[in-house]
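Student: I'd like to ask you about the structure that follows.
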Amino acid sequence: MEKKYTILSVILVILALGLVILPGKNERKEADPKILLGSIVEKSRYLSVDQITHRIIENDPTLLLIDLRPADQFKTFALPGAINIQPDSLLSKSIVDLFTQPGKDKVLYANADLISEQGWLMCTRYSLTRIYIMKGGLNEWYNTIIQTQVVKPTASSTDLDLVSFRNAARMYFTGAGNTPEARPTASTGEKIEVSRKAPAAKSGGGC
Amino acid sequence: MIGPIISSGLVSSAWDNVFAVFLGMGFGFALESSGFSSSRKIIGTFFGYDFVVVKVFFTAAIVASLGLLYLSYMGLVDYSLLYIQPTFITSAIVGGIIMGIGFAMGGFCPGTSVCAAAVGRIDGLVFFGGMFIGVFLFSEAFPLFENMYYSGSLGPKMINSVFGISPELFTFLLVLMAIGMFYGAGWVQGKVKKIDY
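Chains V and R, in that order, are what the protein sequence lines are. Using our numbering, the letters of the first sequence map in sequence onto residues 1 to 207. Using our numbering, the letters of the second sequence map in sequence onto residues 208 to 404.
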């Protein structure tokens, strides 16, 4: 082999060895306060329960659900594929390694938003990225996806589609059949008040 | 563009297509200047008389790995923002076998066939046309393959995490492997009868 290739090979090995022996990066830097404040103000950290449900059903491999509730509640019920992490161990080394793996959207949830918000703030403060919150937590997920919904007679087609999706999702998660009340049909119990205009006065003549 | 430049918000995603055009031109230029528009050069890997394909791709892999890890170490690239294509292991294996057969038979992979077609090579044009027929047939018959296509989902899997080692150590091992391969390929090439093309 030519000498130049030998030299290039040696340089590559030295560079690669450098990566292995370089001291590990110190603890993650704290986020700049301005950036942190900006992140708190903007609401892009929230993902709706519908968005999360859609991604669960689609088996989205980039979704990583983090359940921040106590272990006993997690054992009783958790969203499919979720992993249970206690909020006080969120910044331990193994968890940070999990959170820094590329290509994953980490979505935090608890029963409501408070614990998820705290977890999100801790992670964001330590410059962890792609951290999201399932808005409303598991309570909202239950109320929206599992509870049967009645559609108003005046509902738009978008709302009907959304309820259709939720009904399908309910069947996906619970195995419940498509019961009459689960169908996105307009409810008949509510009577629509129709106000009629008084007839206009008849014209006296004509052509 | 799916790299960390746009994900980090430094550049608007509206630049996606502009980046794509320039990166595509650079990629095409690199392929053509490495001789990748010649099917006989590419097929040399399978017959042992020319290992330029393996050498170029291994060099690209180790240079990119080293660059990325050093930039990440210096804080210039946020490694966690990289988009990693999700792994579907069954379709990867089946697709790999089909691609390997096509590669050995035609002497091109999809990228190099475009390159060969662009410089007017007839075999490249035929391969390029065949590729589109294959894409069309696959799209039409997709419902038949859908279950297999999406089976074995492993998510965005990194090979170092499969072995339970750090990306830095894996890159070091990859560099050693690449250099071993460069020397091994040179040795094999010396043993095989030279072919003029």
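All C-beta atoms in this analysis are idealised placements derived from N, C-alpha and C, irrespective of residue type, glycine included. If you're wondering where the values come from, they're calculated on a predicted model, not measured in any experiment.
Locate the beta strand (DSSP E) running through V/Asp67, then write down its first and last residues.
Tutor: Leu63 to Asp67
Student: Would you please verify whether the beta carbon of R/Thr297 is less than 7 Å from any beta carbon of chain V?
Tutor: no
Student: Are the beta-carbon atoms of V/Leu108 and V/Gly119 separated by less than 7 Å?
Tutor: With respect to the 7 Å criterion, V/Leu108 and V/Gly119 are classified as neighbours on the basis of their beta carbons.
Student: Distance, Cα to Cα, V/Lys152 vs R/Gly233?
Tutor: 57 Å
Student: Which same chain residues, not among the five before or five after R/Ala357, have their C-beta less than 8 Å away from its C-beta?
Tutor: According to the sequence provided, residue 357 of chain R is Tyr. The question's Ala does not apply to it. Contacts found: Phe295 and Ser298.
Student: Could you spell out the range, first to last residue, of the beta strand (DSSP E) harbouring V/Ile131?
Tutor: Ile131 to Met134
Student: Does the segment 343 to 360 of chain R touch the segment 239 to 258 of chain R, meaning 3 or more C-beta pairs lie closer than 8 Å?
Tutor: Flag = no, the segment 239 to 258 of chain R and the segment 343 to 360 of chain R do not touch.
Student: I need the straight-line Cα distance from V/Lys43 to V/Ala110, nearest angstrom please.
Tutor: 18 Å
Student: Residues of chain R with CB closer than 7 Å to the CB of V/Ala16, please, in chain order.
Tutor: Leu273, Thr378, Phe379 and Val382
Student: Can you give the Cα-Cα distance for R/Leu361 and V/His54, rounded to whole angstroms?
Tutor: 19 Å
Student: Using 10 angstroms around the beta-carbon of R/Met281, count the other beta-carbons present and answer buried if the total reaches 16, otherwise exposed.
Tutor: exposed
Student: Does the pairing of the segment 380 to 389 of chain R with the segment 260 to 269 of chain R give three or more beta-carbon distances under 8 Å?
Tutor: yes
Student: Would R/Asn367 and R/Phe379 be called neighbours here (beta carbons separated by less than 7 Å)?
Tutor: no
Student: Could you check what DSSP says for V/Val150 in three-state terms: helix, strand or coil?
Tutor: coil
Student: Look at R/Ile250 and R/Val260 and say whether their C-beta atoms are less than 7 Å apart.
Tutor: no
Student: Rounded to the nearest angstrom, what separates R/Phe310 and R/Ile340 at their Cα positions?
Tutor: 16 Å
Student: Can you check the segment 225 to 281 of chain R for any alpha helix (DSSP H) of at least 4 residues that lies completely inside it and give the ranges in chain order?
Tutor: 246 to 254 and 259 to 280
Student: Would R/Thr252 be called buried (16 or more neighbouring beta carbons within 10 Å of its own) or exposed?
Tutor: buried
Student: Assign V/Ser89 to one of two classes, buried (16 or more other C-beta atoms within 10 Å of its C-beta) or exposed (fewer than that).
Tutor: Exposed.
Student: Quick check: the Cα distance between V/Glu140 and V/Ser92, rounded to an integer number of angstroms?
Tutor: 29 Å
Student: Over the uninterrupted alpha helix (DSSP H) stretch that includes V/Tyr126, give me the two end residues.
Tutor: From DSSP, V/Tyr126 is part of no alpha helix (DSSP H); its letter is neither H nor E.
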